[in-house]
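Written below as structure tokens is the structure these notes are about.
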């Protein structure tokens, strides 16, 4: 199989050293999960929400968040708000255990705190395979979820990615 694959055809984040150990290739990439930050443009273009945001004392302009701190602020701000006649929420976390996939969504939060461009590894130390998830970055990501839950829909603690994606976001409940 290796002779049939040109690694230059892979996107950068799937090229070696991914799948290697001590320089030797041990696997072929067959999957490349990428996380998207989906948001509702209508919510972030709304003049009434922009006015309320400014009146709330926010120090930034109303718009799509660019950092997790901004996501947290928008999520807390939207609690109790209505948009187009229905309750609207900020970020929709997926905290319910769900196969192994629920971890991916926590990883989206944690990567902002734990991953550095100069270090290709972030879950394990590449030399020792010591886990890197018991550290302040991961604790901060978990705390972010805990802090956001009171501003998210009722019973969000039991929401898995199918709930957040199909029953909430696509139904217009969440803004992100």
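Numbering (my numbering), first residue to last: 329 to 504. We treat Cβ as the ideally placed atom computed from N, Cα and C, and that holds for glycine.
- Here the alpha carbons of residue 345 and residue 383 stand approximately 49 Å from one another.
- Counted as a single uninterrupted DSSP element, the alpha helix (DSSP H) harbouring residue 430 occupies residues 430-442.
- Beyond the five residues adjoining it in sequence on each side, residue 402 comes within less than 6 Å, by CB distance, of 393, 418 in the same chain, given in chain order.
- Of the candidates 400, 362, 375, 400 places its Cα closest to the Cα of residue 421.
- Assignment of beta-bridge partners to residue 417 by DSSP yields 502.
- With three or more CB-CB distances shorter than 8 Å, the segment 469-484 counts as touching the segment 421-435.
- In the structure shown, the three-state DSSP call for residue 335 is helix.
- According to DSSP, residue 349 shares a beta bridge with 352.
- The beta-carbon separation of residue 347 and residue 354, rounded to 6 Å, stays under the 8 Å limit for a contact.
- Cβ atoms of residue 438 and residue 465 come within 8 Å of each other, at about 6 Å.
- The alpha-carbon separation between residue 356 and residue 489 amounts to approximately 27 Å.
- Taken through DSSP and simplified to helix, strand or coil, residue 452 comes out as strand.
- According to the DSSP secondary-structure assignment, residue 410 is paired through a beta bridge with 415.
- Counting along the chain, no alpha helix (DSSP H) covers residue 359, and no H or E run does either.
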